[in-house]
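Notes follow once the structure below has been shown.
In the working numbering, the protein residues as written are 4 to 122.
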């Protein structure tokens, strides 16, 4: 393993690979925590072929009920909660969520969309 000596210069370590879901290996988690550094995994959604998956990630699985009458109610915490469970189980501190694709069509303008997604 690469021996890194400047941990005192690092606030957060992000374990990144080109996989959809990157869970940091336990040895990286341990060395980060031993040096007081937060360790994050990565969720990667990229490419036009994954727009549907981005929509499902934000809206939750199809069998989760949502209020159809509220057009601004397009997000659901189902998958975010699952990511929290995974991080707790493996002992790392959270996620970098990298979205490298266009967002799906939204009934309101882009400013409204970005404000809603930032919630």
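Ideal Cβ placement from N, Cα and C applies to all residues, glycine included.
Do residue 97 and residue 79 come within 8 Å of each other at the CB atom, strictly closer than that value?
Taking the first residue of the chain shown as 1, we reach residue 79 at position 76. Taking the first residue of the chain shown as 1, we reach residue 97 at position 94. In this structure, residue 97 does not lie closer than 8 Å to residue 79 by Cβ.
In the stretch 27–95, which residue ranges form an unbroken alpha helix (DSSP H) of at least 4 residues, counting only runs that do not cross its ends?
29–37, 54–62 and 81–93
CA-CA distance, residue 17 and residue 37?
Locating residue 17 in the chain shown gives position 14, where the first residue counts as 1. Locating residue 37 in the chain shown gives position 34, where the first residue counts as 1. Taking the straight line joining both Cα atoms gives about 16 Å.
Going by CA-CA distance only, name the one from 92, 65, 8 and 95 that's closest to residue 81.
To locate residue 81, count along the chain shown from 1; it is residue 78. Comparing Cα positions, the closest option is 65.
Along the chain, where does the beta strand (DSSP E) that runs through residue 99 open and close?
On the chain shown, residue 99 is found 96 positions in, with the first residue counted as 1. Taken as a continuous stretch (DSSP letters only), the beta strand (DSSP E) holding residue 99 covers 97–103.
Could you tell me the boundaries of the beta strand (DSSP E) in which residue 16 lies?
Along the chain shown, one-based indexing puts residue 16 at 13. Per DSSP, residue 16 belongs to the beta strand (DSSP E) from 15–17.
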